[in-house]
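Peer 1:
Numbering (the numbering used here), first residue to last: 5 to 151.
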């Protein structure tokens, strides 16, 4: 699977670790930066990663920051991206199973380093449950009826 990566300076160490994890798992990470811990404006790196997912160039994406909040907000500005924030195993599982997220935002200041690989695997391996959740996604996309 081709997977987009984008980060700010706070998430840079997590991005580097996830890039290695993905490669070890046989995936093809596409790194949109940033490339150090020097302060940057995260939209410069998050938006290109999100666009790669929305265009189909990448099947999934991971974005990283201190909390993951701003990065998720930026990624979700791109039509076709459904970016969830993952702070623990259950939040990652649910963002895939119930929301069919195609991008996951991870907050490096809020996640224990030892959990990172588990969260990455959960995001990649958890299937979307469909059913009532698909109806809700259609409403979010403007395709279903909303009272």
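Just so it is clear, CB atoms sit at the ideal spot from N, CA and C, and this is done for glycine as well.
1. Leaving aside the five residues before and after residue 10 along the sequence, list all residues of the same chain whose C-beta is less than 6 angstroms from its C-beta, in chain order.
2. Just to check my reading of the structure: residue 47 and residue 8 have Cβ atoms closer than 8 angstroms, yes? What is that Cβ distance to the nearest angstrom?
3. In the structure shown, what three-state DSSP assignment does residue 35 receive?
4. Could you pull the start and end residues of the alpha helix (DSSP H) that residue 11 belongs to?
5. Can you list, in chain order, the residues of its chain with a C-beta nearer than 6 angstroms to that of residue 97? Leave out the 5 residues immediately preceding and following it.
6. With which residues is residue 117 paired in a DSSP beta bridge?
7. Assuming contact is defined by CB atoms lying nearer than 8 angstroms, are residue 113 and residue 71 in contact in what I supplied?
8. Could you pull the DSSP bridge partners for residue 82 from this structure?
9. Below 8 angstroms on the Cβ atoms is my guess for residue 187 versus residue 107; work out the distance and round it to an integer in Å.
10. To the nearest angstrom, how far is the alpha carbon of residue 69 from that of residue 111?
11. Tell me the residue span of the alpha helix (DSSP H) that contains residue 40.
12. Residue 84 to residue 57, Cα distance in whole Å?
13. What is the rounded straight-line gap between the Cα of residue 6 and the Cα of residue 103?
14. Start and end of the alpha helix (DSSP H) containing residue 26?
Peer 2: Reading from the atomic positions:
1. 36, 49, 50, 53 and 67
2. That belief does not hold up - the Cβ atoms of residue 47 and residue 8 are roughly 15 angstroms apart, past 8 angstroms.
3. strand
4. Looking at the DSSP string, residue 11 is not in any alpha helix (DSSP H); the run it does join, the beta strand (DSSP E), is 6 to 11.
5. 126 and 130
6. Residue 117 pairs with nothing; no bridge assigned.
7. yes
8. Residue 82 pairs with nothing; no bridge assigned.
9. Any property of residue 187 remains undetermined from this structure, which presents the chain solely from 5 to 151.
10. 5 angstroms
11. Taken as a continuous stretch (DSSP letters only), residue 40 belongs to no alpha helix (DSSP H), as it is neither H nor E.
12. 8 angstroms
13. 20 angstroms
14. 16 to 28
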